[in-house]
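Number of protein chains: 2
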Amino acid sequence: MKPAIVMKFGGTSVADPEKIQRAAERAIALKRGGRSIVVVVSAPGKMTDELLQLARQITPSAQGRELDALVSTGETISISLFAMALAARGCPAISLTGPQAGVEADDNHTRSTITRIRPARILRELKAGKVVVVAGFQARNPKGEITTLGRGGSDLSAVAVAAALKAERCEIYTDVKGVYTADPRLVSQARLIKRVSYEEMLELSAAGAQVMLSRSIEVAKRYGVTIHVRSSFHPSSGTRIESLSEEKMEEAHVSSLALDKSEIRLSIVGVPDRPGVAAKVLAKLADAGIPVDLIVQSAPTTAGVNDISFMTPRAHAEDAKKALASLTLKLGARGVDLQDRVVKVTAVGTGFRRHPRIAAAMFATLAKARINIQMISTSDLRVSCVIDRAHGEKALRLLHAAFGLGKKRR
Amino acid sequence: MKPAIVMKFGGTSVADPEKIQRAAERAIALKRGGRSIVVVVSAPGKMTDELLQLARQITPSAQGRELDALVSTGETISISLFAMALAARGCPAISLTGPQAGVEADDNHTRSTITRIRPARILRELKAGKVVVVAGFQARNPKGEITTLGRGGSDLSAVAVAAALKAERCEIYTDVKGVYTADPRLVSQARLIKRVSYEEMLELSAAGAQVMLSRSIEVAKRYGVTIHVRSSFHPSSGTRIESLSEEKMEEAHVSSLALDKSEIRLSIVGVPDRPGVAAKVLAKLADAGIPVDLIVQSAPTTAGVNDISFMTPRAHAEDAKKALASLTLKLGARGVDLQDRVVKVTAVGTGFRRHPRIAAAMFATLAKARINIQMISTSDLRVSCVIDRAHGEKALRLLHAAFGLGKKRR
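Those protein sequences? They're chains A and B, same order as listed. Each residue of the first sequence is one higher than the one before, counting from 1 in the numbering used here. Each residue of the second sequence is one higher than the one before, counting from 411 in the numbering used here.
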């Protein structure tokens, strides 16, 4: 048997019977090429949100077990309809829930982590010549009950199944054509990227690109699963996410830009410059369950105090502010400052450390446009600048032009 | 532990979050009385129909396994929402799918028969003080996969679970107040019946009463489960379906009337009067999967031929006609006659055989109103007359008055 191909269809791709029919035809076309096909699907359209809305009408504090029993029905509806569509076209098919497909996860209801895949049932059905339609997002927990994988769970299911099957690739069908050099709604010159490395994709995801969540890309990277992001609705060839050759890795380049409007900046200001202060701040935030991105500690002033700033999702702003406020007295800091008129613009690529001209070009471009940079964070794979929200889209367009991203390359 | 009480809520009783809240409050009220409570629920409102409609948009010929995976999601949504509603009111609760609840059935997808209930999990959760919310309609087949129980499946689940738990009673909450002496929409004097025997209820169900299907009543009768039919929306005390005492059984009485408009009459006419002809006709119909009710063979004419007539559901009319047409030549019959302007009016009660005056009163009442009786069928528990459709409701009202059913009795 040739290596299988995993095709994952997101909610918009299975939103109604007509779209399911179209997706089923794509799967059949690939199977006709002599390949074993596993299809992983999300719940139809907005169904998960509708089910959560029903739960909220019952109670704002539903338990995880019952919420999972509820929301997992969306994917079960998708798999059975999808298998019917395949069978109606003469293509042998079988639907499997996450537990039936051997997807096992931990006991953290509504945000479980996959612990292993037992692919025996999938392999048996593939061997029998069937297209296997697996419910994404669902898994069996150690108690043998259904649990769900949280945000981006269906992508994670697809990548994990592809890894377990040693599949040739995992095709992610979505409502965009692939990964762009920048959001095409904001930058008209934005260009589809044909290939991108796992590392760059991880940075892009962290920088706010919506295509895929980092948890799935991490699993793909660990197991060497080639991901192919494609549109359900356009014949475009999409973007391959894979290990790039050493040679490519050596070339310094910017592959894509991202603009993240979802975070706010928090600062604890006038902190006496003593060892261990930053650690205390971070421990406090970790205890409060607050995600932290882009931490910057300013150089101490002559008065021996400095500021510690970081970015956090808007939803956590108030909790984070409270957590820090309780620290200010203890640390002898001056206070807490919350700035929500900020955006983060990020250039993602490779070789930034060896080639500081990329960061330099970025700062120069912003300076020339009189855009003030509030925070900077760099790694070998990215440069992020926090700037005033009013300049976000303009900065994105200027940088896209400055790095020549609109021109065809690899 | 006192014997448990099983409460079954139908689709209209869990159609939206507000109705689920109300049903949950009923369960809690009963639990406060110190009882162990098992709740069995159907899919919300019209959901099963909507899911079937989705399947039809995909294909008119879906396989049973995939259809069951699809339609069973409705009950899963109900149980999780119901358990949330209980928990939100401080009542410990757990939802169980049919397979989780130990409901086992055969492999006939979409119309499985329950083979056994393994109540260990339900008992464990009851012992832990929880209200156990079980999905009706769903079961686990011998392959370990989900199957469904067909029409009336949720009632069947409730009665079977009540039998397995040796529950004190099985309360069936529905959108009517209970069993009436006749359909109250047709007969204004119709009265709620407080108690009715399994046997009478079986006859009423066969005669077209919509309250419960006979399969659930049969199981209740076999295991001695007392059924209590009640309204979800009115405080009325409803109807108890149970074994009646010997004494009651001896009294001849009419308890209820039913009018069935769902059947047509088919006759194979001018059949030579030879032994075995009726058997051949019935075998042919059985082979074609056609349900047959109320078979009447006329006395042979002097020419040595007779007619064989029976009633069958309208949906099977054309198939039945075809099956019989193919027999006419072989039997030397004159032809097939289909009459669809007919209704069946049935009086159900006890002791009809020993007390022929009941049948006589029925015929006399119809004769007096110049309503012609086309077919008659009697048993110890019922008298059915097929009459012209135009007279159906009038006959029902006349008989209701003639038997004095509007007056209060047991």
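The beta carbon of each residue, even a glycine, is placed where N, CA and C say it ideally should be. Predicted model only: the values in this text are computed from it and were never measured.
Going by C-alpha to C-alpha distance, which of the options sits closest to residue i?
i	options	result
residue 571 of chain B	B:634, B:811, B:624, B:616	B:634
residue 460 of chain B	B:691, B:525, B:704, B:482	B:482
residue 367 of chain A	A:390, A:138, A:395	A:395
residue 94 of chain A	B:526, B:733, B:485, B:474	B:474
residue 582 of chain B	B:764, B:811, B:773, B:651	B:651
residue 459 of chain A	B:488, B:555, B:751	Beyond the ends of chain A as shown, which are 1 and 410, falls residue 459 of chain A; an answer cannot be given.
residue 110 of chain A	A:203, A:140, A:164	A:140
residue 597 of chain B	B:561, B:667, B:584, B:628	B:667
residue 793 of chain B	B:669, B:440, B:681, B:421	B:669
residue 87 of chain A	B:730, B:465, B:518	B:465
residue 714 of chain B	B:744, B:665, B:563, B:698	B:744
residue 19 of chain A	B:479, B:467, B:428	B:467
residue 589 of chain B	B:528, B:790, B:758, B:683	B:758
residue 116 of chain A	A:392, A:322, A:104, A:295	A:104
residue 127 of chain A	A:331, A:295, A:38	A:38
residue 142 of chain A	A:107, A:41, A:154	A:107
residue 789 of chain B	B:592, B:426, B:604, B:704	B:704
With a Cβ-Cβ cutoff of 9 angstroms, do residue i and residue j count as a contact?
i	j	result
residue 457 of chain A	residue 81 of chain A	Any answer about residue 457 of chain A is impossible in this case: the structure gives chain A only from 1 up to 410.
residue 133 of chain A	residue 28 of chain A	no
residue 7 of chain A	residue 26 of chain A	yes
residue 385 of chain A	residue 352 of chain A	no
residue 687 of chain B	residue 696 of chain B	no
residue 298 of chain A	residue 290 of chain A	no
residue 720 of chain B	residue 771 of chain B	no
residue 412 of chain B	residue 445 of chain B	yes
residue 388 of chain A	residue 371 of chain A	yes
residue 138 of chain A	residue 98 of chain A	yes
residue 269 of chain A	residue 337 of chain A	yes
residue 494 of chain B	residue 148 of chain A	no
residue 218 of chain A	residue 350 of chain A	no
residue 579 of chain B	residue 783 of chain B	no
residue 497 of chain A	residue 316 of chain A	With chain A represented from 1 up to 410, any question about residue 497 of chain A goes unanswered, as that position is not in the structure.
residue 369 of chain A	residue 398 of chain A	yes
residue 405 of chain A	residue 203 of chain A	no
So for residue i, helix, strand or coil by DSSP?
i	result
residue 549 of chain B	strand
residue 337 of chain A	strand
residue 99 of chain A	coil
residue 74 of chain A	helix
residue 410 of chain A	With a pLDDT of 47 at residue 410 of chain A, under the threshold of 50, the predicted position of this residue should be treated as unreliable, though the coordinate-derived value follows. Reduced to three states, the DSSP call for residue 410 of chain A is coil.
residue 700 of chain B	coil
residue 330 of chain A	helix
residue 422 of chain B	helix
residue 775 of chain B	helix
residue 371 of chain A	coil
residue 764 of chain B	coil
residue 723 of chain B	strand
residue 415 of chain B	strand
residue 576 of chain B	coil
residue 555 of chain B	coil
residue 540 of chain B	coil
residue 499 of chain B	coil
residue 515 of chain B	strand
residue 560 of chain B	coil
residue 359 of chain A	helix
residue 825 of chain B	Beyond the ends of chain B as shown, which are 411 and 820, falls residue 825 of chain B; an answer cannot be given.
residue 534 of chain B	helix
residue 305 of chain A	strand
Check the Cβ of residue i against every Cβ in chain E and list those closer than 8 angstroms, keeping chain order.
i	result
residue 54 of chain A	Absent from the structure: chain E. Protein chains present are A and B.
Unbroken stretches of the beta strand (DSSP E), 3 residues or longer, contained in the segment 600-685 of chain B: 605-607, 637-641, 649-652, 663-670, 673-682
Entirely enclosed beta strand (DSSP E) segments - the segment 429-478 of chain B, minimum 3 residues: 447-451
Meets three-Cβ-pair contact criterion under 8 angstroms: the segment 278-288 of chain A and the segment 200-217 of chain A: no
Meets three-Cβ-pair contact criterion under 8 angstroms: the segment 257-274 of chain A and the segment 334-342 of chain A: yes
Cβ contact (3+ pairs, closer than 8 angstroms) linking the segment 631-648 of chain B and the segment 562-579 of chain B: yes
Segments of 3+ residues assigned as beta strand (DSSP E) that fall wholly inside the segment 378-410 of chain A: 382-388
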